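Peer 1:
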Amino acid sequence: MIELLKSDDIINKCGGRFKLTALIQRRWLQLLQGSRPMVESKGLTPLEVVVREIAEGKIEMELATQDYDYRASAALPEFSSEAE
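Note that numbering that gives the first Met the number 0 gives residue 34 to position 35 of the sequence shown, counting from 1, and the numbers run on in steps of one.
So, in structure tokens, the structure goes:
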């Protein structure tokens with residue numbers, strides 16, 4: 000099961016290695032805190048359960064997006080183009 004982590008397919012499915020790592024960490028923590036697995040977990044470690052859930056498309060990462068208005072940020076001082 001861990002061999003799946005070496006595959007580019009699962010990495011691309013998550014949007015990259017860092018997102019895959021974050022997803023694994025978050026889901027692993029949920030399982031350790033008592034969440035129920037979404038796949039058959041008999042005989043599997045929590046890491047193997049998470050990898051199987053990702054491979055089967057049972058979980059995915061949703062990134063929070065926030066609109067940012069650059070015009071509303073602190074005003075920058077204006078500089079004169081003329082030499083004083």
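The C-beta atom is built at its ideal place from N, Cα and C for all residues, glycine as well. Quantities reported herein were computed from a predicted structural model and do not represent experimental measurements.
Looking only at its own chain, which residues have a Cβ that is under 6 Å from the Cβ of R16, when we skip the five neighbours before and after it?
Peer 2: Indexing the sequence shown from 1 puts residue 16 at position 17. I10, listed in sequence order.
Peer 1: Hey, P36 and E55: beta-carbon distance below 9 Å or not?
Peer 2: Position 37 of the sequence shown, counted from the first residue, corresponds to residue 36. Position 56 of the sequence shown, counted from the first residue, corresponds to residue 55. Going by C-beta atoms, P36 is not nearer than 9 Å to E55.
Peer 1: Using the C-alpha atoms, what's the distance from E61 back to D104?
Peer 2: Any property of residue 104 remains undetermined from this structure, which presents the chain solely from 0 to 83.
Peer 1: Which residue marks the beginning of the alpha helix (DSSP H) containing Q24, and which one marks its end?
Peer 2: Counted from its first residue, the sequence shown places residue 24 at position 25. From DSSP, the alpha helix (DSSP H) with Q24 extends over R16 to L31.
Peer 1: Within its chain, find whatever has a CB closer than 6 Å to the CB of L3; leave out the 5 residues flanking it on each side and keep chain order.
Peer 2: In the sequence shown, counting from the first residue as 1, residue 3 sits at position 4. Only I9, V50 and A54 meet the Cβ criterion.
Peer 1: Tell me the rounded alpha-carbon separation between L19 and L28.
Peer 2: Here residue 19 corresponds to residue number 20 of the sequence shown, with the count starting at 1. Here residue 28 corresponds to residue number 29 of the sequence shown, with the count starting at 1. Taking the straight line joining both Cα atoms gives about 14 Å.
Peer 1: Taking only the alpha-carbon atoms, compute the straight-line gap between G42 and I23 and give it to the nearest angstrom.
Peer 2: Against the sequence shown, residue 42 aligns to sequence position 43. Against the sequence shown, residue 23 aligns to sequence position 24. Answer to the nearest angstrom: the Cα atoms are 19 Å apart.
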